[in-house]
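Just so you know, we're using the UniProt record's numbering here: the sequence shown kicks off at 1 and counts up by one.
Just so it is clear, CB atoms sit at the ideal spot from N, CA and C, and this is done for glycine as well.
For reference, the structure discussed in these notes is given below.
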Amino acid sequence: MNQEEIEKLAYLRGLEIAERKDLINQTFDLKHLKSIHTYLFQDSQTERVAGSFRPVREDVHSKNRNETYSVRKPFYYEPLPNESKVDSIIKQANENLGQTQSPKKKIEILSNLYADLDYQHPFVEGNSRTIRTFLEHIAQNHGIELDWRSTAQNKDEFYRARDFEIAKRNNEINPTNDIEAYMLEEAKRYNTQDYIAT
Numbered sequence: 001m002n003q004e005e006i007e008k009l010a011y012l013r014g015l016e017i018a019e020r021k022d023l024i025n026q027t028f029d030l031k032h033l034k035s036i037h038t039y040l041f042q043d044s045q046t047e048r049v050a051g052s053f054r055p056v057r058e059d060v061h062s063k064n065r066n067e068t069y070s071v072r073k074p075f076y077y078e079p080l081p082n083e084s085k086v087d088s089i090i091k092q093a094n095e096n097l098g099q100t101q102s103p104k105k106k107i108e109i110l111s112n113l114y115a116d117l118d119y120q121h122p123f124v125e126g127n128s129r130t131i132r133t134f135l136e137h138i139a140q141n142h143g144i145e146l147d148w149r150s151t152a153q154n155k156d157e158f159y160r161a162r163d164f165e166i167a168k169r170n171n172e173i174n175p176t177n178d179i180e181a182y183m184l185e186e187a188k189r190y191n192t193q194d195y196i197a198t
């Protein structure tokens with residue numbers, strides 16, 4: 001099975017998850033996140049092991065760099081995702097969501113959860129669609145409906161917001177390099193929260 005076929009099947013599996021809530025046991029935890037990835041990529045027989053975290057330390061950086069910036073600088077994810085760390089991130093977000101009734105605060109928490117999980121980048125491939133689906137489930141559980149259509153319409157802005165969040169988690173907010181300063185300033189103009197919630 002080639003990459004295009006895998007992507008097509010994963011897309012169709014995503015539609016199945018959206019249409020049938022019973023396909024994924026919604027426990028809103030690490031197991032839930034892995035279950036989504038397992039379902040999406042159950043047809044893959046490649047290195048993209050469904051539901052498994054990246055097994056080895058590697059330099060993984062955000063994609064779509066050429067379309068997003070005129071200056072080239074990769075923003076790196078966590079070299080080796082840590083299951084305990086991801087589990088802790090999810091538990092803390094759920095706890096915080098349960099302590100507020102403010103929709104604005106909930107959106108802020110969800111935005112940070114997206115950024116934290118994206119930075120961990122736990123899977124070999126399919127992180128974005130897995131995280132988006134996971135956040136939809138968590139958000140719905142707390143009375144928030146997410147609308148991802150604006151990310152499709154404003155991809156460059158979304159990538160800038162994402163890269164700024166990655167840079168924050170890499171402690172690159174006070175760069176000494178002029179190129180880094182330029183890119184961070186450009187990325188900072190966009191807010192991740194504007195692109196994940198209605």
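Check, Outcome
"Looking at the secondary structure, which residues open and close the alpha helix (DSSP H) in which H37 lies?", "30-40"
"Give the single residue among E83, Q42, Q99, E16 whose Cα lies nearest to the Cα of T133.", "E16"
"Would you kindly check if the distance between the Cβ of H142 and the Cβ of K104 is under 8 angstroms?", "no"
"Going by DSSP in three states, H137 sits in which element: helix, strand or coil?", "helix"
"Quick one: what's got a C-beta closer than 8 angstroms to K89's C-beta in the same chain, skipping five residues either side?", "The sequence as given places Ile at residue 89; Lys does not occur at that position. If we look at I89 and ignore the five residues flanking it on each side, its Cβ neighbours are L113, D116, L117, Q120."
"Can you look up Y77 in the DSSP assignment and give me helix, strand or coil?", "coil"
"Which residue wins for smallest C-alpha separation from I166, given the options K85, D87, F75?", "F75"
"Say whether the stretch 50-59 touches the stretch 122-129, bearing in mind that this needs 3 or more beta-carbon pairs closer than 8 angstroms, one atom from each stretch.", "yes"
"Locate the alpha helix (DSSP H) running through N94, then write down its first and last residues.", "83-98"
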